[in-house]
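Engineer: In the numbering used here, each number is its position in the sequence shown, counted from 1, plus 1064.
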Amino acid sequence: MDFTAKNRSHAASFAEQQRLIKEVFSGKTVLCQHCQQPLKLLAPAKTTHKANSKMKAKGTNISNHTDKNPTSDAPIYGIRCQKTCTDIELDFI
């Protein structure tokens, strides 16, 4: 089997998600490709007040997200639009 095309597609998708994550983290308003709603960064509640202030000052939509993962008690963090057409789960360490 030739996986060249599949690997290229996967690499392009990964690069696009990485670019999108960088834009959201830098405070830019990024719209969902499907519903045109702004993407929100859903971060852990333990972010410092200073970090939260910087993110809000830059115009980033940041919220202390408390939804739980249906398969565990761990909260779900990441970047997503309100309709969840775009949903990128992130691990915060």
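Think of the CB as a built atom: it goes at the ideal place given N, C-alpha and C, for glycine as much as any other residue. These numbers come from a predicted model, not from an experiment.
Mapping the DSSP letters down to three states, classify K1104 as helix, strand or coil.
Structural biologist: Of the three classes helix, strand and coil, the one that applies to K1104 here is strand, per DSSP.
Engineer: For I1085, name the three-state secondary structure that DSSP assigns.
Structural biologist: Reduced to three states, the DSSP call for I1085 is helix.
Engineer: Grab the span of the beta strand (DSSP E) containing G1142 for me, first residue to last.
Structural biologist: First-last of the beta strand (DSSP E) with G1142: 1142 to 1144.
Engineer: Apart from the five residues on each side of it in sequence, which residues of its chain come closer than 7 angstroms, Cβ to Cβ, to Q1146?
Structural biologist: Closer than 7 angstroms at Cβ, skipping near neighbours: Q1101.
Engineer: In whole angstroms, what is the alpha-carbon distance linking S1073 and R1083?
Structural biologist: Cα to Cα, S1073 sits roughly 15 angstroms from R1083.
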